[in-house]
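Position one of the first sequence corresponds to residue 386 (this note's numbering), numbered consecutively onward. Glycine included, every Cβ here is placed at the ideal spot set by N, Cα and C. Nothing here was measured: the structure is a model prediction, and the numbers come from that model.
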Amino acid sequence: MSRPIVTRFAPSPTGMLHIGGVRTALFCWLFARKHGGRFILRIEDTDLSRSTDDNIRIIEEGMAWCGLTWDEGPVPGDPTAWIGEHGPYRQMQRMESHYKPAVEKLLSEGKAYRCRCTKEDLDARRATVEAKGVPFQYGRGHDAGNGCRHKQHDASEPFAVRLAMPEGHETWLDEGAIAWTDLIKGRLAFPAESLDDWIIARTGEKGQIGVPTYNFCVVVDDTGMNVSHVLRGDDHVSNTPKQLALYHAMGFEQPQFGHVPMILGKDGAKLSKRHGATSITEYQEMGFLPAAVRLALARLSWTPKVDGQAPESAEEELLTDAQMIELFDLKDIQKSPARFDMDKLVWMNQKLIQRASWQELEPHLAHFMPDAWKNKSEDWKRVAIQATQKGKSLKEMAQALAFCWQAPESFDEKAVEKFMTAAVKPALREVASLHDYEHDALQTAFNGILETQGLKLKDLAQALRVALCGQPVSPPIFDTLWLLGVEEVRTRLQRWL
RNA sequence: GGGGCUAUCGUCUAGGGGUUAGGACACCGCCCUUUCACGGCGGCAACACGGGUUCGAAUCCCGUUAGCCCUACCA
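Take a look at the structure:
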């Protein structure tokens with residue numbers, strides 16, 4: 386009875402990989418992983434004018450960076466290859482093999498028909514109807530009699546193909562409505578009369594079927610790829626009844642639908658560039674860990690429950706991927722939209738950075754480091770990472786280590802005035818003469834210096850920071866010295882002695 | 001205009017007839033401290049509005065308002 390769990394994420398390559406899309410993909414991925422099912426990545430490139438190969442690459446890279454691995458889908462970088470038994474996974478490559486036969490079948494069965502109305506004609510009809518303050522519906526209402534539904538057009542002239550939608554009395558309807566039980570929103574119903582005959586295939590070359598539209602391809606593909614659960618954005622709710630009519634016309638088994646709420650910006654409007662970063666790539670560049678992005682995104686609209694209990698402490702908020710997969714349940718997803726909370730992402734990122742090992746952090750951090758980074762020893766990297774692991778982002782960690790690659794070109798005036806006192810100079814000279822920078826040795830040496838000079842550690846540490854980094858801020862002072870090394874410290878100290 | 005969805009602290013949310021309406025982030029305060037941070041402790045802060053139903057409504061019903069989605073030969 387229950388079929389194998391298969392979910393899919395089907396972005397269109399018409400721009401950046403949007404953070405909202407990633408969240409939807411994440412839910413699909415979590416759901417598939419939770420149930421031991423498969424997760425498919427499908428490229429919806431039927432919008433010829435806006436789809437590009439470059440955007441497909443961005444999607445593939447973004448998904449990979451996020452750790453959202455797909456079981457079926459395109460092979461990154463190779464348009465002709467794919468993994469999975471139901472390919473190809475780029476819609477334009479399915480035209481002849483899948484879509485056209487499906488359109489022809491519908492045509493021959495009289496469930497769809499050829500339409501010769503031109504774009505201009507339609508625009509004019511729409512304008513006159515809407516001028517009366519009435520919604521335009523193709524061939525219905527005030528447009529009744531103008532449609533091609535009963536005209537039996539042949540293929541001798543260019544034509545688009547429309548699906549004959551139910552008119553209200555069909556037996557498969559639920560009290561005249563197309564209805565379904567949404568996995569997230571519960572029962573949803575749309576009056577049949579509110580839908581009109583929509584285009585399933587655009588106008589093609591004379592006598593030919595044109596490129597099918599989104600709503601058509603989705604149904605053919607989801608069926609052909611055995612998708613069992615269609616988890617997608619809320620914005621598709623209104624498309625569902627159209628698709629349901631198509632499932633019925635084609636005699637396909639329906640998948641289950643789950644519409645996840647949208648992600649809004651701080652001001653409650655749909656998340657857009659205006660709110661800052663929307664593309665997943667930007668989050669990578671800002672120094673977020675993929676795991677933090679996954680957590681933050683998942684926690685928008687989803688509340689994990691452990692024995693029916695929502696998180697009751699900061700600790701419980703910080704779920705690992707394994708925990709998310711184990712706890713994931715569609716019934717714990719909110720019906721209402723959530724606003725994107727950058728502060729929380731930052732907090733999660735910081736926490737995840739703190740609890741990661743330096744080895745786990747290294748590959749991610751390397752992205753933000755100069756070439757010199759890879760020439761450093763393991764030991765050096767370990768100390769560098771551990772000394773800055775309190776940072777909010779990888780980028781911040783990298784900035785905190787910037788002093789390692791470049792001697793200060795200027796010095797914070799106030800800091801110089803405050804810390805570079807006459808009293809501290811002798812101590813600075815003594816530090817310059819030190820040659821063992823191991824932590825314990827420095828500790829001992831500093832204790833001695835501090836005592837003989839009558840200084841507090843704070844006085845010496847701050848003076849050193851100013852001299853070495855140009856500012857009164859740096860990692861713990863012993864680490865700062867060790868990372869720079871004896872020679873470099875002496876060089877930078879020279880001008881202050 | 002039509003159809004659909006939604007509504008608890010600033011934000012993410014728990015709760016779903018009787019609770020001091022709980023937690024997290026952010027913010028504020030105190031403590032710790034070799035800088036910046038981290039950390040610890042504490043504080044501020046919410047049931048959109050109006051009607052019902054009920055002994056009792058944040059919770060159930062109706063309406064209003066607001067926001068969002070669809071209403072394309074976009075996806």
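Proximity below 8 angstroms, CB of Trp450 to CB of Pro626: The residue you call residue 450 lines up with position 65 of the first sequence. The residue you call residue 626 lines up with position 241 of the first sequence. Cβ atoms of Trp450 and Pro626: not closer than 8 angstroms.
Touch test, the segment 849-868 against the segment 780-789, Cβ-Cβ under 8 angstroms, three pairs minimum: yes
Separation of Gly532 from Ala662, as counted between CA atoms: The residue given as residue 662 occupies position 277 in the first sequence. The residue given as residue 532 occupies position 147 in the first sequence. Distance between the alpha carbons of Ala662 and Gly532: 45 angstroms.
Of the residues Lys759, Leu680, Leu426 and Ser686, the one placed nearest Lys736, counting alpha carbons only: The residue labelled residue 736 in the question sits at position 351 within the first sequence. Nearest option by C-alpha distance: Leu680.
Close beta carbons around Gly561, own chain, < 8 angstroms, minus the five adjacent residues each side: Along the first sequence, read from residue 1 onward, the residue named residue 561 stands at position 176. Answer for Gly561: Gly553, His554, Pro576, Ala577 and Glu578, listed in chain order.
Option nearest Met635 by Cα separation, candidates Phe601, Gly405, Lys651 and Leu649: Numbered from 1 along the first sequence, position 250 holds the residue referred to as residue 635. When only C-alpha atoms are compared, the closest one is Phe601.
Where Asn440 falls, given that 16 or more other Cβ within 10 Å makes a residue buried: Within the first sequence, numbered from 1, the residue matching residue 440 stands at position 55. Counting Cβ neighbours within 10 Å, Asn440 comes out buried, since at least 16 surround it.
Alpha-carbon to alpha-carbon, Gln739 and Gln774: The residue given as residue 774 occupies position 389 in the first sequence. The residue given as residue 739 occupies position 354 in the first sequence. Near 6 angstroms, if we compare the C-alpha coordinates of Gln739 and Gln774.
Straight-line gap, Thr454 to Gly469 (C-alpha atoms, nearest Å): As a position in the first sequence, residue 454 is number 69, starting the count at 1. As a position in the first sequence, residue 469 is number 84, starting the count at 1. The straight-line gap from Cα to Cα measures roughly 13 angstroms.
Thr409 classed as buried or exposed, judged by whether at least 16 other C-beta atoms fall within 10 angstroms: One-based indexing of the first sequence puts residue 409 at position 24. Per the 10 Å Cβ criterion, buried.
Nearest-angstrom beta carbon gap, Ala545 and Gly595 [assumed within contact, 8 angstroms]: Residue mapping note: residue 595 aligns to position 210 of the first sequence, counting from 1. Residue mapping note: residue 545 aligns to position 160 of the first sequence, counting from 1. 7 angstroms between Cβ atoms; contact.
Buried or exposed by the 16-neighbour rule on C-beta atoms within 10 Å, applied to Ala807: Translated into positions along the first sequence, residue 807 becomes position 422. Burial call: exposed.
Cβ neighbours of Ser397 in the same chain (closer than 7 angstroms, five flanking residues each side left out): Here the question's residue 397 lines up with position 12 in the first sequence. Its chain contains Glu429, Asp430, Asp432 and Ser436 as the residues whose beta carbon lies nearer than 7 angstroms to that of Ser397, once the 5 sequence neighbours on both sides are disregarded; these appear in chain order.
His614 in three-state terms, based on DSSP: Here the question's residue 614 lines up with position 229 in the first sequence. If DSSP states are grouped into helix, strand and coil, His614 belongs with the strands.
Validate contact between the segment 458-474 and the segment 407-422 using beta carbons, cut 8 angstroms, 3 pairs: no
Cβ shell of Ala540 (< 6 angstroms), same chain only, five flanking positions each side left out: The residue you call residue 540 lines up with position 155 of the first sequence. Cβ neighbours of Ala540 beyond the five flanking positions: Gly592.
With 16 other Cβ atoms within 10 Å as the buried cut-off, status of Gly839: Within the first sequence, residue 839 is the residue found at index 454, counting from 1. Burial call: exposed.
Assigned exposure category for Trp414 - 16 Cβ within 10 Å defines buried: On the first sequence, residue 414 is found 29 positions in, with the first residue counted as 1. Using a 10 angstroms sphere on the CB of Trp414, the tally of other CB atoms reaches 16 or more, which defines it as buried.
Alpha helix (DSSP H) runs contained entirely in the segment 420-462, provided each spans 4 or more residues: 438-450
DSSP state of Trp687 mapped onto helix, strand, coil: On the first sequence, residue 687 is found 302 positions in, with the first residue counted as 1. Strand.
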